[in-house]
Each structure stands twice: as C-alpha cells, then as structure tokens.
Amino acid sequence: MDSEAETTVGGSCLVWQDLSVTLASNNFGSHGNGGSSTKYLVNGLTGLAQSHRIMAVMGPSGSGKSTFLDALAGRLTTKVAMAGKVELISSCPAGSGTKKKIRSSPVTCRDVSYVTQEDVFLGTLTVKETLSFGARLRLPGLTKTELDEVIEDTMAKMGLEECADTTIGNWHLRGISGGERRRLSIGVEILAQPLVLCLDEATTGLDSAASFFVVQALRNIARDGKIVVCSIHQPTNDVFRLFDDLLLISCGEAVYFGECQGAVKFFADSGFPCPTRRNPPDHFLRCITPEFDQVLAALKQTQRMNHAELAAADGLLNGTTAETRATLVKKYKSSIFSETATKKIQELALLLAQEKHDDGSQSSSEVVSEKKRKIGKKQHHQWWSQFCTLTHRSSLHMCRDLGYYWLRIFFYIMVALSTGTLEFDIGTSSAAVIARGKVDGFLYGLMICLSIGGLPFFLDEIKAFRGEREGGYYGEAVYVLSNFLSSLPFTIFISISSGSILYSMVKFHPGFSHLLYFCINLFFCISVSEACVFVTASLVSNPLPAMGTAVGVTVLNLMPSIVFRPLPDLPKIFWRYPLSYISYAAWGTQGNLKNDMMGLEFDSAIPGRPKITGEFILTNTYGMNLKYSKWRDVAALFCLLLAYRVILVFTLHYKQRISSPFRRTQPKRGLKPTTVQQA
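Now the structure itself:
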C-alpha cells in the first residue's frame with residue numbers, strides 16, 4: 001500500500017473529498033412550501049488529479065462543471081457555501097537522503113492558474129508582447145534574459161512561434177485565429193509556473209483541428225509535472241483519447257471518475273454499452289443529458305420522426321434519461337472506480353499522518369502563513385515594477401488603437417475648427433456678450449460629450465484588468481494610476497491643439513496667460529469627463545446600457561452650467577445643491593467666462609451709452625461671485641478629477657469582489673441542482 005501511495009505522489013496531487021457547493025434558496029426565488037431548501041450545485045464529489053496527467057471534466061450544460069473548477073481554484077464567492085476538503089499534496093526532497101517527504105497544504109491563488117471561457121486581450125499587442133507583459137507582471141523578480149527564456153519556452157510549448165509577431169486583432173486589425181487565441185490564453189497563465197492549471201471549456205468555439213492542437217498543448221504542459229484539469233463539452237474521439245482521466249458530472253453528482261479507457265467498460269457493465277460507430281463522449285452525454293427526453297417527446301408529438309428514426313436517435317428505449325442517470329450514479333458509488341479513488345486518498349492520508357508523526361514537520365497552516373509573510377515582503381518591491389509595466393502596456397495600446405484616442409483627436413480638432421468658423425473674431429460688441437456664453441456652452445457641451453466615445457475601449461480594458469486582477473497579479477490603485485498616466489499625453493495634446501485653434505479663431509481675451517488658462521481648464525474638463533465615463537464603464541459592463549448611462553450622467557453634468565440658467569436662479573433642491581457643486585461643466589464654464597470677460601469692456605446695446613465691463617456682465621447676467629479667483633474653479637476641477645479616480649478604484653474593487661463573481665454563482669440555463677428539503 002505504501003509503495004502505491006508513494007508512486008501517486010511522485011509529483012503532486014490535487015485532492016477533493018466529499019466536495020459540495022450549495023446555493024441558498026433565496027437566490028432561486030420563493031418556492032412557497034414554507035420550508036427551507038438547499039440547492040446543490042456540486043454534490044459529494046471525491047477524487048484526485050495527478051501531475052503528469054490531464055483530466056477532463058465532462059457533463060451537460062449547467063451540470064456544475066464550472067462550479068467544480070471554481071471550487072478547486074478557490075474562486076467561489078460568499079454567495080455559495082462549500083463543504084468538504086480541497087488540498088494540494090506535493091512531494092519534496094528530504095535533505096540529502098533519497099526518500100521524499102510529502103506535504104499537504106490548502107490551495108491558494110499562487111498555486112492555481114485559471115483559464116476562463118472567454119479570451120480577453122488587448123488586441124493591438126502582438127503575441128510575443130502579450131506574453132512579455134504577462135511575464136513581467138507575474139515574474140517581477142527575473143532578469144530580462146530570464147524573462148526572454150521563459151517567453152520563448154512558453155511559445156514553443158504552445159506552438160505560437162509562427163505567430164509571435166502577429167497582432168492579436170481588434171475592430172480594425174486582423175489578428176490570430178481562435179485556436180491561437182486559446183493557446184495564448186493558456187500560455188499567459190502558465191508563465192508563473194503554477195502547480196495546477198484549470199481550464200473552463202477549453203475548446204469551446206474551436207473546430208476539431210484547433211481543439212486537437214489545444215489539448216495536445218495541454219498534454220505538453222502536464223508532462224512538465226503540472227496538474228491539468230480541463231472542462232470540455234463534447235470532444236471528438238481523437239481529442240478524447242488525449243486525456244488520461246475523466247470526471248463525468250450530471251446535476252452536480254459524479255457519474256464516473258477514473259481513467260478515460262475505463263469509462264466505456266463502466267457504461268457497458270451498467271447496461272448502457274456504447275454503440276460501435278458512436279463517439280464515446282457523445283454516448284456518455286446522451287445517457288446523462290435530461291434535455292434529450294424533452295426533444296424526443298416534442299418530436300413524437302409533432303410526428304416529425306417515425307419510430308425507426310426515433311430508435312436510431314434514441315438508443316435508450318428502455319427508460320428515460322433521468323432514470324439512466326440515476327442508475328449510473330448508483331452504479332458508480334458501488335463500483336471499483338469509486339473504491340479505487342477513495343483508496344488512493346486514504347493511502348495519501350495515512351502517509352501524511354506518518355510523515356507528520358515521524359519528523360514533526362510544519363503544519364499546513366504554518367506553511368501557508370509563512371508563504372503569506374514572504375509574499376507580503378515582496379509585494380512592496382513589486383508595486384513599482386507593476387506600475388511601470390502597466391503604464392508601458394497601456395501607452396502602447398492607446399498609441400496603436402485608432403479608436404481609443406486618435407479618432408477622437410480628429411473630432412476634437414474638427415469641433416474646434418467648426419466652432420471657430422461659426423464664431424470667427426467674435427469681438428466686443430453688445431451681441432458678443434450673449435455669443436461668448438453660447439460659445440462656451442457649445443464648446444463644453446460637444447467636447448465633454450466626445451469623451452463618451454472612449455467608452456467601448458474602457459470596457460475592453462476593464463475586462464482585461466478583471467481577468468488579471470482575479471489572478472492576484474496587481475491591484476486596482478496601480479491600474480488606475482497607470483491608466484491615467486498613459487492617457488495624460490493624449491489629453492494634453494487634445495487640450496493644446498483644439499484649444500489653441502479655437503482660441504485664435506474666436507479671438508477670446510488676448511494674452512498668452514489667458515490662452516494657457518483656457519487650455520488648462522479644457523484639459524481638466526476632458527480628464528474629469530473621461531474619469532466619469534470610466535466609472536460608468538466599471539459599473540455597467542454591457543456596452544449598450546453603459547452607453548446610455550454615460551450619456552445620461554454627462555447630460556446631468558451639463559445642465560447646471562450657468563450657460564443655460566444663472567446660478568442664483570437654479571432650483572435649490574437637487575440642481576443647485578448638490579449638483580452644481582459636483583458638475584465639472586459648471587466649474588469649467590464659470591472659470592472660462594471669468595478668464596474671457598474679466599478686464600474686457602463691451603459696447604452697450606443702446607448707442608451712446610458707456611461701455612459695460614465684463615465684471616458687471618458676469619455679476620448681473622450670469623450671477624457669479626467674483627470674490628473668488630478663476631483658479632478656484634480649476635482647483636475644483638482638480639478635486640473632482642481626484643475624487644472620480646478614487647471612486648474608480650473603489651468601484652473596480654467592489655465590483656470585482658462582489659458583483660462580478662456573483663454572476664458566476666447564478667445557475668446556468670438548464671441547471672437543475674439537487675434539492676434537499678429541511679423541515
């Protein structure tokens with residue numbers, strides 16, 4: 001027994017015992033039965049995944065595959081409750097002797113890399129650049145030469161050498177294929193050399209050739225001593241043969257766990273043999289997918305298939321799928337496959353107990369706490385490296401993506417030229433008093449609204465951020481700061497170029513200091529507007545609702561500006577207090593009118609009357625308080641910019657930790673978890 005267990009832990013093992021994941025009944029709605037019920041998303045799974053082997057997790061849609069992987073990777077949220085135990089058992093050399101010690105520890109995010117169903121990248125980067133930035137974020141302690149070696153080795157493992165210098169692709173750049181994107185997602189996650197690699201629906205959306213290539217790449221990773229656990233939906237026979245072990249799940253319960261080769265024998269012994277010309281994975285899913293009963297019943301009712309066709313399509317005429325699934329679950333619990341898995345786990349537990357008794361090694365909690373202390377010391381030094389890497393990557397992305405800033409720069413300049421043409425040489429006549437106010441309203445209304453054009457690109461960046469944030473590679477504050485610094489040259493260029501064009505054509509208050517103030521004021525207005533749109537993108541991830549929300553928030557910020565109605569005339573409830581104080585358009589317009597009109601004299605509307613000073617117009621027409629300098633308005637804009645960036649940090653943090661993971665805990669369509677009624 002000891003020799004068999006020692007062979008099992010020749011590398012590492014990921015062990016789960018009596019693993020159950022439950023969701024409270026109030027997340028499903030009221031049942032109206034007066035009692036409480038427990039919804040099992042995963043129910044009593046036991047097994048282990050070994051290094052040097054690749055394990056497939058199969059089951060119908062909504063059977064609990066993703067929940068099971070989330071439980072293994074420690075990604076479950078507080079909305080669900082997990083029972084049972086998940087631990088990582090690894091072997092390590094025992095001093096100078098040849099015998100190896102084994103050690104058990106809880107699974108941490110440092111041990112596991114998780115590849116989600118969706119491939120999220122910055123499409124303007126090349127494959128090699130993506131891996132390079134990923135390596136710098138995940139391996140900050142390595143030198144450039146060492147990083148280059150890791151990147152080249154990863155590209156070789158994943159078969160990405162030929163497309164190393166090809167852009168990933170976005171809305172205006174043609175990029176790599178779907179299979180190459182999938183292999184790149186895996187490559188990015190294995191850069192940090194995790195002990196365990198979990199993949200959710202690794203081949204979804206790929207053709208048979210691309211799927212085969214992806215799974216073959218996973219086999220190469222497993223051969224390097226990694227534990228690979230991969231959920232997959234209906235693979236071809238060629239792809240299925242690449243897997244070593246199989247976990248078959250239906251309604252959260254184990255139907256089979258063991259070597260892939262033994263699954264056909266298990267189904268045959270249970271009374272459901274696989275037909276000669278049928279793909280085994282298709283047969284397995286046919287036996288445990290309840291939707292087949294509904295489809296066949298509908299076809300029988302509509303008489304679209306005769307009895308012979310139904311017999312050929314069904315293959316399970318001796319009962320329903322629900323009965324077949326129940327039979328298989330019962331057979332597995334008493335099968336040799338279940339006993340083998342349980343026996344291996346018990347042997348590992350005995351070895352761990354002996355090891356702990358013999359040499360009094362550190363407990364798993366002590367090992368974890370020691371790891372945390374070391375990681376905490378490193379994180380202080382990693383912050384600057386993360387900031388530089390993220391700033392470099394974001395700057396590169398902004399420069400290459402035509403829609404991120406360049407297209408908006410073109411429209412900013414066009415708006416400046418259009419406004420300058422309409423109000424060319426506005427002068428100081430009596431009509432110019434009203435015209436200058438209209439120019440400010442038109443200018444800030446259009447230029448602030450152009451910031452909404454960046455929303456789709458903000459959403460793409462936030463998607464990439466959330467994927468990396470879940471891996472624990474950097475935090476929200478460093479991301480927000482690096483994003484702002486990367487965008488700074490573009491917003492400064494927009495302010496200077498469009499501001500100078502407009503100022504020189506309209507001929508506002510003469511003097512370089514007034515032009516400088518105009519550009520600074522415009523810069524802060526655009527920056528605050530972009531920060532506000534970014535906060536919207538962090539809260540609303542769907543593009544269409546996010547666009548509508550951003551437009552609504554922008555309009556609300558424009559309405560309290562004094563161009564539409566003097567400040568004293570605004571209704572005190574809501575519009576004046578507090579909206580006029582948190583409206584960046586109100587502060588920007590007020591500061592620009594002070595900058596333009598103070599010190600100027602305008603002709604009276606009645607000939608022969610004395611000229612009217614700009615101060616008089618600002619006080620009586622616009623209701624401004626001139627006790628405060630125009631720089632106070634810029635200071636208010638700076639405070640709003642700082643506030644929105646701080647709000648962005650908090651929204652990213654709490655949206656990431658609460659709202660976004662909660663979507664993963666919702667049962668997928670078709671999920672019918674086991675219900676246990678409690679009195």
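Those letters in the sequence shown? Residues 1 to 679, by UniProt numbering.
Quick reminder that beta carbons are idealized off the backbone N, C-alpha and C, glycines included.
Check: Looking only at its chain, what residues have a beta carbon closer than 6 Å to the beta carbon of Asn-43, apart from the 5 residues adjacent to it on each side?; Outcome: Ser-20, Gly-252, Glu-253 and Thr-674
Check: For Tyr-444 and Val-57, I'd like the C-alpha separation in whole angstroms.; Outcome: 56 Å
Check: For Tyr-581, report the span of its alpha helix (DSSP H) as first-last.; Outcome: 579-582
Check: In three-state terms, what does DSSP make of Tyr-256?; Outcome: strand
Check: Count Cβ pairs between the region 515-527 and the region 535-555 that sit closer than 8 Å; are there 3 or more?; Outcome: no
Check: Quick check: the Cα distance between Ala-322 and Pro-275, rounded to an integer number of angstroms?; Outcome: 20 Å
Check: Take Pro-456 as the anchor and find which of Leu-558, Glu-530, Phe-410 and Val-480 has the nearest alpha-carbon.; Outcome: Glu-530
Check: Check the DSSP bridge columns for Pro-106 and list the partner residues they point to.; Outcome: Glu-87
Check: Where does the unbroken beta strand (DSSP E) through Asp-245 begin, and where does it stop?; Outcome: 245-250
Check: Is the region 498-513 touching the region 546-559 in the sense that three or more CB pairs, one from each, lie closer than 8 Å?; Outcome: no
Check: Is Trp-171 helix, strand or coil when you go by DSSP?; Outcome: coil
Check: Grab me the residues of Phe-133's own chain with a C-beta within less than 8 Å of its C-beta, minus the 5 sequence neighbours each way, in chain order.; Outcome: Leu-125, Thr-389, His-392 and Arg-393
Check: Quick one: is Cys-639 buried, meaning 16 or more other Cβ sit within 10 Å of its Cβ, or exposed?; Outcome: exposed
Check: List the residues that DSSP assigns as beta-bridge partners of Glu-601.; Outcome: Thr-613
Check: What does DSSP give as the partner residue(s) for Trp-16 in the beta ladder?; Outcome: Gly-47 and Val-86
Check: Is the Cβ-Cβ distance between Gly-472 and Arg-408 less than 8 Å?; Outcome: no
Check: Are Lys-594 and Glu-601 closer than 8 Å when you measure CB to CB?; Outcome: no
Check: By DSSP, does Ser-497 sit in helix, in strand, or in coil?; Outcome: helix
Check: Taking the continuous beta strand (DSSP E) assigned at Cys-198, which residues delimit it?; Outcome: 196-199
Check: Which residues in the same chain have their Cβ closer than 7 Å to the Cβ of Phe-458, if we skip the five residues on either side of it in sequence?; Outcome: Val-533, Phe-534 and Ala-537
Check: DSSP on Ile-526, reduced to helix/strand/coil?; Outcome: helix
Check: On the three-state DSSP scale, how would you describe Val-368?; Outcome: Caution applies to Val-368, whose pLDDT of 43 falls short of 50 and renders its modelled position unreliable; the value that the coordinates give is listed next. It is helical.
Check: Between the alpha carbons of Ile-168 and Glu-461, how many angstroms are there, rounded?; Outcome: 15 Å
Check: Closer than 8 Å by C-beta to Pro-60: which residues in its own chain qualify, once you throw out the five before and the five after it? Chain order, please.; Outcome: Ser-250, Leu-285, Ile-288, Thr-289, Pro-290, Glu-291 and Gly-670
Check: Are there 16 or more other CB atoms within 10 angstroms of the CB of Gly-608, so buried, or fewer, so exposed?; Outcome: exposed
Check: Measure the C-alpha to C-alpha separation of Gly-467 and Val-415 and round it to an integer number of angstroms.; Outcome: 37 Å
Check: When we look at the beta-carbon of Phe-272 and count the other beta-carbons within 10 Å, is it buried (16 or more) or exposed?; Outcome: buried
Check: Between Val-228 and Lys-333, what straight-line distance do the alpha-carbon atoms span, to the nearest angstrom?; Outcome: 25 Å
Check: In three-state DSSP terms, what is Val-228?; Outcome: strand
Check: Tell me, which residues are paired with Ile-573 by DSSP?; Outcome: Tyr-577
Check: Reducing DSSP to helix, strand and coil, say where Tyr-40 ends up.; Outcome: strand
Check: Ignoring anything shorter than 4 residues, give me the alpha helix (DSSP H) runs that lie fully in the region 433-480, in order along the chain.; Outcome: 455-470
Check: Given a cut-off of 8 Å, decide if Ile-448 and Ile-435 are closer than it, judged by their beta-carbon atoms.; Outcome: Inspection of the sequence shows that residue 435 is occupied by Ala rather than by Ile. No, the Cβ-Cβ distance between Ala-435 and Ile-448 is not below 8 Å.
Check: With the cut-off set at 8 Å, would you say Tyr-405 and Ser-498 are in Cβ contact?; Outcome: no
Check: DSSP has Ile-54 in a bridge; who is on the other side?; Outcome: Val-228
Check: Could you check the C-alpha separation between Pro-568 and Gly-623 for me, to the nearest Å?; Outcome: 6 Å
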